[in-house]
Amino acid sequence: MKKVFKNKNIFLLWIGQFISHIGDSIYLIALPWLTLDLTGSKMSTAFVATSTYLPALIFGLFAGTIADRFSRKSVMMFSDLFRAITVIMIPIFILNGNNSIFIISIIAFLISTFGTPFYPARDSLIPTLVDKNDLPQVNSIISISSQLSYLIGPIIAGSLVGIFGLPHLFTIDAITFLISFLFIYYIKVKAIIKINKKKNSYLDDIKSGISFLKSAKGIKVLIIMTSLNNLFIMGPAIIGIPVYVREVLKEEFSTLAILESAMALGMLFGAFIFIRFLKNKSIIKILFIGIIADGITYSFLFFTEFKWITVLILFIHGIGIPLIVISRINLIQKLIPDQYRGRIFAMVNMSVLGTTAISAMLTGFSLEFISSKTLFLIIGICAMGTMMIGYYSKDFRKLEIINLK
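Just so we're aligned, residue 1 is where the sequence shown starts under our numbering, counting upward by one.
As structure tokens, this is what we get:
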């Protein structure tokens, strides 16, 4: 890990992502709670959450072509700048007495739209900054920056909400985007000479990316598996947990912050496990273990109504998340050529965030008819079962052999 941090570019990226993710974690915990406070409606909360994740589904392929066409560093900087400008609109509207859920949804939609190209650009940029053999470690420490942020962010949110009020948690998020912008600015990127001088249209680039994915059958299975897993998991994570805190645990925002921090601590622990014990192990097997842990732990929420047992369950749940994410990123970075990498990462983000939008709406609708406890029992079992798609796919299991070459 010391060797990786000696790389100035990776160090700058790590610090920038750490600070930015603190803002993200505050935003993601504050937005559903704000909606519940304003409306008391699960469907309205689901509507706002859906607007947050829908842009990835709508603009994902276009964002991927942007990441492959332009300087990935510049794409990341513009993304941070426009997100900072947009997110500050939430406290401005709220503090001026405008509590319209429709306007908040539009702002959330715009924030996510500007953020859509960021992660395909970042994950495509990393292989140009480090040696290929260092990718597992680099992806792990970038993941750790996220987990540390999601551990600290809810604590900050829970501490500051009583001092500055809920609206100004979004102001903090805007500031973190500007700080991330500055750190990315100082990253030095070597110019990459494009062999193909022909200027294709954006539509042509999208078509060529889809055509490449069709030929990469194992990666296609990975995206399908990711889509279904997130369809089951993400809506309950975003909508279900706040409802679970209110209706099952009978607690307030501070408890939600504790639960989110416990999950982030588990994710941090999972990332360290990957670095220390699993970096040279079968990536496919690590992915399967992560999916099983991710699903089954949610089912355990059905069996308790005690705050600290819930904290423990979500800590264990968090351990499985980086096993999934880091394994998936490593596979794509190693197996996908640079000229297609942005588009493939964009397709993965579409599968994650796009299905999250659908999952959030389905969760809000489901919670009008069943309890959050029952929901977690059902979705946990279903999410765990998605690993069988990859397990029984010969094309997917071949990725392990190709990865080792």
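Quick reminder that beta carbons are idealized off the backbone N, C-alpha and C, glycines included.
Q: With a cut-off of 8 angstroms on the beta carbons, I'd call residue 324 and residue 287 a contact; round off their distance for me.
A: As a first step, residue 324 must be located in the sequence shown, where it is residue number 324. As a first step, residue 287 must be located in the sequence shown, where it is residue number 287. Sure, about 6 angstroms apart at Cβ, within 8 angstroms.
**Q.** residue 49 vs residue 241 beta-carbon contact at 9 angstroms
**A.** On the sequence shown, residue 49 is found 49 positions in, with the first residue counted as 1. On the sequence shown, residue 241 is found 241 positions in, with the first residue counted as 1. Result no, Cβ atoms of residue 49 and residue 241 do not sit closer than 9 angstroms.
**Q.** Best match in 136, 363, 82 and 257 for proximity to residue 277 [C-alpha to C-alpha]
**A.** Taking the sequence shown and counting its residues from 1, one reaches residue 277 at position 277. Of 136, 363, 82 and 257, the residue nearest in Cα terms is 136.
**Q.** Inter-residue Cα distance where the pair is residue 285 and residue 155
**A.** Here residue 285 refers to the residue found at position 285 of the sequence shown. Here residue 155 refers to the residue found at position 155 of the sequence shown. If you take the alpha carbons of residue 285 and residue 155, they lie about 33 angstroms apart.
**Q.** Expected contact under 8 angstroms - CB spacing of residue 376 and residue 302 to nearest Å
**A.** To locate residue 376, count along the sequence shown from 1; it is residue 376. To locate residue 302, count along the sequence shown from 1; it is residue 302. Indeed, because the Cβ distance is near 6 angstroms, the residues count as touching under 8 angstroms.
Q: Output yes or no for whether 9 angstroms exceeds the beta carbon distance between residue 358 and residue 64.
A: Residue 358 sits at position 358 when you count from the first residue of the sequence shown. Residue 64 sits at position 64 when you count from the first residue of the sequence shown. No; because the gap between Cβ atoms is not below 9 angstroms, this pair is not in contact.
Q. How is residue 9 classed by DSSP in three states: helix, strand or coil?
A. The count along the sequence shown starts at 1 and reaches residue 9 at position 9. In this structure, residue 9 counts as helix in the three-state DSSP scheme.
Q | Cα-Cα separation, residue 88 to residue 235 | A | For the purposes of this step, residue 88 is identified with residue 88 of the sequence shown, where counting begins at 1. For the purposes of this step, residue 235 is identified with residue 235 of the sequence shown, where counting begins at 1. If I take the Cα positions, the gap works out to 25 angstroms.
Q. Between the C-alpha atoms of residue 23 and residue 12, what's the straight-line distance to the nearest angstrom?
A. Here residue 23 refers to the residue found at position 23 of the sequence shown. Here residue 12 refers to the residue found at position 12 of the sequence shown. Their Cα atoms are separated by approximately 17 angstroms.
Q | alpha helix (DSSP H) runs wholly inside the segment 324-402, at least 4 long, in chain order | A | 338-349, 355-366, 372-385 and 387-391
(Q) Report the CB separation of residue 56 from residue 342 in whole angstroms; it is logged as a contact under 8 angstroms. (A) Working through the sequence shown from its first residue, we reach residue 56 at position 56. Working through the sequence shown from its first residue, we reach residue 342 at position 342. Not a contact, Cβ separation roughly 14 angstroms.
Q) Taking the C-alpha atoms as reference points, what is the distance between residue 166 and residue 398? A) Stepping through the sequence shown from its first residue, residue 166 is reached at position 166. Stepping through the sequence shown from its first residue, residue 398 is reached at position 398. Distance between the alpha carbons of residue 166 and residue 398 is about 49 angstroms.
Q) In this structure, does DSSP put residue 408 in helix, strand or coil? A) No statement about residue 408 is possible, as the shown extent of the chain runs from 1 to 405 and does not include it.
**Q.** Burial state of residue 73, where buried means 16 or more other Cβ atoms lie within 10 Å
**A.** Taking the sequence shown and counting its residues from 1, one reaches residue 73 at position 73. Result: buried.
Q.
Comparing C-alpha positions only, which one of 281, 218, 201 and 310 sits nearest to residue 255?
A. As a position in the sequence shown, residue 255 is number 255, starting the count at 1. Cα-wise, what sits closest to residue 255 is 310.
Q: Report the residue from 371, 141, 368 and 275 whose alpha carbon sits nearest the alpha carbon of residue 15.
A: The residue labelled residue 15 in the question sits at position 15 within the sequence shown. Cα-wise, what sits closest to residue 15 is 141.
Q | Inter-residue spacing [alpha-carbon to alpha-carbon] between residue 245 and residue 252 | A | In the sequence shown, counting from the first residue as 1, residue 245 sits at position 245. In the sequence shown, counting from the first residue as 1, residue 252 sits at position 252. Spanning the two alpha carbons is a distance of roughly 7 angstroms.
Q) Just the Cα atoms here: how many angstroms apart are residue 360 and residue 46? A) The residue you call residue 360 lines up with position 360 of the sequence shown. The residue you call residue 46 lines up with position 46 of the sequence shown. Cα-Cα distance, rounded: 5 angstroms.
Q. Residue range of the alpha helix (DSSP H) that residue 112 falls in?
A. On the sequence shown, position 112 is the one that residue 112 refers to. First-last of the alpha helix (DSSP H) with residue 112: 101-115.
Q: Return the first residue and the last residue of the alpha helix (DSSP H) that residue 87 is part of.
A: Within the sequence shown, the letter at position 87 stands for residue 87. Looking at the DSSP string, the run of the alpha helix (DSSP H) that includes residue 87 is 72-87.
Q) For residue 56, which three-state DSSP category applies? A) Taking the first residue of the sequence shown as 1, we reach residue 56 at position 56. Three-state result, residue 56: helix.
Q) If you run the structure through DSSP and keep just helix, strand and coil, what is residue 248? A) Counting from 1 along the sequence shown, the entry for residue 248 is found at position 248. Three-state DSSP puts residue 248 in coil, outside helix and strand.
Q: Have a look at 340, 52, 367 and 153 and flag the residue whose alpha-carbon is nearest the alpha-carbon of residue 207.
A: The residue you call residue 207 lines up with position 207 of the sequence shown. It is 340 whose Cα lies nearest to the Cα of residue 207.
(Q) Using C-beta distances below 6 angstroms, list every residue in its chain close to residue 415, excluding the 5 sequence neighbours before and after it, in chain order. (A) Residue 415 lies beyond the range of the chain shown here (1 to 405); nothing can be said about it.
Q | Assumed close pair residue 150, residue 317 - CB separation to whole angstroms, cut-off 8 angstroms | A | Walking along the sequence shown from the start, residue 150 turns up at place 150. Walking along the sequence shown from the start, residue 317 turns up at place 317. So it is not a contact: roughly 13 angstroms between Cβ atoms.
Q.
Taking 9 angstroms as the threshold (C-beta atoms), are residue 59 and residue 82 in contact?
A. For the purposes of this step, residue 82 is taken as residue 82 along the sequence shown, with counting starting at 1. For the purposes of this step, residue 59 is taken as residue 59 along the sequence shown, with counting starting at 1. Not closer than 9 angstroms, so no.
**Q.** Collapsed DSSP secondary structure at residue 304 in the structure displayed
**A.** As a working note, residue 304 is residue 304 in the sequence shown. Of the three classes helix, strand and coil, the one that applies to residue 304 here is coil, per DSSP.
Q. By DSSP, does residue 229 sit in helix, in strand, or in coil?
A. The count along the sequence shown starts at 1 and reaches residue 229 at position 229. Residue 229 falls in the helix class under three-state DSSP.
Q) What are the start and end residues of the alpha helix (DSSP H) that includes residue 216? A) Translated into positions along the sequence shown, residue 216 becomes position 216. Segment: none, residue 216 is in no alpha helix (DSSP H) and carries neither H nor E.
Q | Cβ shell of residue 36 (< 7 angstroms), same chain only, five flanking positions each side left out | A | Looking up residue 36 in the sequence shown gives position 36. Same-chain partners within the cutoff: 45 and 242.
(Q) Which same chain residues end up closer than 8 angstroms to residue 319 when comparing Cβ atoms and leaving out the 5 residues on each side of it in sequence? (A) Counted from its first residue, the sequence shown places residue 319 at position 319. Excluding residues within five positions, the ones whose Cβ falls inside 8 angstroms are 266, 267, 269, 270, 273 and 293.
Q: For residue 204, count neighbouring C-beta atoms within 10 Å of its own C-beta (all shown protein chains included) and say buried if the count is 16 or more, exposed if not.
A: Counted from its first residue, the sequence shown places residue 204 at position 204. Classification of residue 204: exposed, given that the 10 Å Cβ count is below 16.
Q: In angstroms with no decimal places, state the Cα-to-Cα distance between residue 366 and residue 379.
A: For the purposes of this step, residue 366 is taken as the residue at position 366 of the sequence shown. For the purposes of this step, residue 379 is taken as the residue at position 379 of the sequence shown. The straight-line gap from Cα to Cα measures roughly 11 angstroms.
Q | Meets three-Cβ-pair contact criterion under 8 angstroms: the segment 216-229 and the segment 381-396 | A | yes
**Q.** Given residue 180 as reference, the closest of 102, 210, 121 and 84 once Cα atoms are compared
**A.** Sequence index remark: in the sequence shown, residue 180 carries index 180 (1-based). The shortest C-alpha separation from residue 180 is found at 84.
Q. In whole angstroms, what is the alpha-carbon distance linking residue 329 and residue 123?
A. Locating residue 329 in the sequence shown gives position 329, where the first residue counts as 1. Locating residue 123 in the sequence shown gives position 123, where the first residue counts as 1. Near 8 angstroms, if we compare the C-alpha coordinates of residue 123 and residue 329.
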